[in-house]
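A short worksheet on the structure shown next.
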């Protein structure tokens, strides 16, 4: 089972066990094998995997969709790139993404503040 908490990827030239860089990798369930073979822990509980809009707050996304939603059908007809707003309209996953992402970021920063 994939851990919900982020796995730290670090480069510790000084021998420290504290992470210098953090990575929280999201992948669709079917794409997880390639990461597991490399020994990289990934998060697969969100299916489909989040896109860049998923990492913004729900309020921010709702405000942007309030403005852009009427334009999405027109953009599709004209073949204009929608920068995943059409995908986010279906998934609405910013709260679920934040539930995984925010604790991982906070833990990373807390670990690095303690180190100083």
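Numbering (my numbering), first residue to last: 1181 to 1296.
By construction, the Cβ of each residue, glycine as well, lies at the ideal position given by its N, Cα and C atoms.
Can you tell me where the alpha helix (DSSP H) with residue i in it begins and where it stops?
{"i": "residue 1243", "result": "1238-1248"}
{"i": "residue 1269", "result": "1265-1271"}
{"i": "residue 1315", "result": "What is shown of the chain runs 1181 to 1296, which leaves residue 1315 out entirely."}
{"i": "residue 1253", "result": "1252-1258"}
Hey, how far is the Cα of residue i from the Cα of residue j?
{"i": "residue 1224", "j": "residue 1236", "result": "19 Å"}
{"i": "residue 1262", "j": "residue 1233", "result": "11 Å"}
{"i": "residue 1285", "j": "residue 1203", "result": "9 Å"}
{"i": "residue 1230", "j": "residue 1246", "result": "20 Å"}
{"i": "residue 1208", "j": "residue 1280", "result": "15 Å"}
{"i": "residue 1282", "j": "residue 1243", "result": "21 Å"}
Compare the Cα-Cα distances from residue i to each of the options and report the closest residue.
{"i": "residue 1249", "options": "1259, 1217, 1234 and 1265", "result": "1265"}
{"i": "residue 1251", "options": "1282, 1269 and 1240", "result": "1269"}
{"i": "residue 1206", "options": "1245, 1286, 1246 and 1276", "result": "1276"}
{"i": "residue 1271", "options": "1255, 1238 and 1260", "result": "1238"}
Can you say whether residue i is buried or exposed, counting buried as having 16 or more other CB atoms within 10 angstroms of its CB?
{"i": "residue 1227", "result": "exposed"}
{"i": "residue 1273", "result": "buried"}
{"i": "residue 1257", "result": "exposed"}
{"i": "residue 1289", "result": "exposed"}
{"i": "residue 1253", "result": "exposed"}
{"i": "residue 1241", "result": "buried"}
{"i": "residue 1314", "result": "With the chain represented from 1181 up to 1296, any question about residue 1314 goes unanswered, as that position is not in the structure."}
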